[in-house]
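All remarks here apply to the structure that follows.
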Amino acid sequence: MKKPLFLAPMAELSHRAFRELLEDFGGCDGYFSEMISAGALLAGGPNEKWYIDAGPKPEKTVFQVIGADMGQISQAVAFLDRLECAGIDINMGCSAPLIRKTGAGAAWMANIDRAGELISRVRPLVKRRLSVKLRIGFKDDFDYLVRFCRRLEAEGTELITLHPRLVTEKFKRLARWEYVGRIRQELKIPVAGNGDIADAKELVRRAGGPCDAVMVGRAAVRQPWIFSRAQAALSPNSQDSSSVPNIEKTGIRFLELLAKYQPPEFHLSRAIRFFGFFCDNLKWGNYLKTKLNREKNLSGIERVWRDYFKDGSE
Ligand SMILES: Cc1cc2nc3c(=O)[nH]c(=O)nc-3n(C[C@H](O)[C@H](O)[C@H](O)COP(=O)(O)O)c2cc1C
């Protein structure tokens, strides 16, 4: 059976405009939204409507919720589950110290009972698929990870995504994919693996390994065509499609989508985030990133982007 390929939740990246771009290239099987703060959502801030836009494929989009307070998370989850979406994901993996300090993200992994109680409270509020994204934990302790995940499973979690790094590990240390296969053997529910996939070839390789689904983050921003490439390679009558799409046009298309689907106050930060990865396709990408970072609005970004290609730098 074909394994689902997912877009990872990424703050300021996994939003509607980017999903639209991925769909241009053929899309993927599931889109996890950028993390949505339960507290901010309930406070009804002016920007929340942009976070809960599940377009263009709500039936494939999962809202990811982050928070520390069980009451707030429960209310946020109940609200989100009433919108059109594919499921609700609870963030138990965010390692950012400022988030962890509040008791949110990976802080949930410090206490099995607290995490179990959260799932038992939100479970009756979610009619769609309830999932959790997590890391190995605070220590390299596989038994603890097994007990943690079994508790989540017992409380009704239907899918676990493991980003197999310790909470304290940054991207420099490679993801320990062997944990994905090992934890999968201990659970009845499906396990998605995530971490360090660089291109479509590697995505195909991971999908062929011991996991039930594969999630891709940064490489999907660098290569928004990664999923369709991998799906093509996985299909029985696959043809070689290794040529790289037009980079300049793809960048312009992303800017159009950003202007259409995100509010002006998000434009600059989201463009900088995107091009921070997408420029890696270019020979002088680092130089271009520095230039883009100096711009103050979307039209400045577009001008610098177009100028780069006019210069004949590529
Ligand atoms: C810019 C950025 C933002 C992220 N934001 C989130 C987030 O909102 N929620 C989450 O669970 N993980 C978040 N992550 C982690 C990714 O979902 C993923 O686990 C990680 O990048 C490893 O996958 P990759 O190697 O395919 O990028 C973020 C990662 C990056 C690079």
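Residues 150 to 463 in the working numbering are what the sequence shown lists, from first letter to last. Here a beta-carbon is modelled for each residue, glycine too, at the ideal position from N, C-alpha and C. Bear in mind the structure is a predicted one, so any value in this text is a computation, not a measurement.
Through-space distance from residue j to residue i, alpha-carbon basis
i	j	result
residue 456	residue 260	52 Å
residue 444	residue 214	32 Å
residue 430	residue 396	8 Å
residue 222	residue 432	44 Å
residue 332	residue 208	28 Å
residue 174	residue 262	43 Å
residue 217	residue 420	29 Å
residue 257	residue 398	42 Å
residue 275	residue 211	12 Å
residue 358	residue 369	20 Å
residue 288	residue 327	16 Å
residue 152	residue 460	43 Å
residue 236	residue 179	10 Å
residue 375	residue 238	23 Å
residue 279	residue 413	32 Å
residue 186	residue 196	11 Å
residue 301	residue 266	9 Å
residue 284	residue 324	10 Å
residue 297	residue 264	8 Å
residue 439	residue 335	46 Å
Cβ-heavy atom distance, residue i to ligand 1, below 7 Å
i	result
residue 289	no
residue 345	yes
residue 153	no
residue 267	no
residue 319	no
residue 206	no
residue 312	yes
residue 175	no
Residues bridged to residue i (per DSSP)
i	result
residue 179	155
residue 310	282, 341
residue 365	156
residue 236	211, 278
residue 185	214
residue 241	283
residue 315	286
Validate contact between the region 247 to 256 and the region 224 to 235 using beta carbons, cut 8 Å, 3 pairs
These segments do not touch.
Between the region 422 to 429 and the region 397 to 407, do three or more beta carbon pairs fall short of 8 Å?
Three or more Cβ pairs closer than 8 Å define a contact, and the region 422 to 429 meets that threshold against the region 397 to 407.
Could you tell me whether the region 159 to 177 touches the region 202 to 214, using the rule of 3 or more Cβ pairs below 8 Å?
Contact between the region 159 to 177 and the region 202 to 214 is present, because at least three Cβ pairs lie under 8 Å.
Segment contact flag, the region 339 to 355 with the region 304 to 313, C-beta cutoff 8 Å, min 3 pairs:
The region 339 to 355, when compared against the region 304 to 313, does touch it at the 8 Å Cβ threshold.
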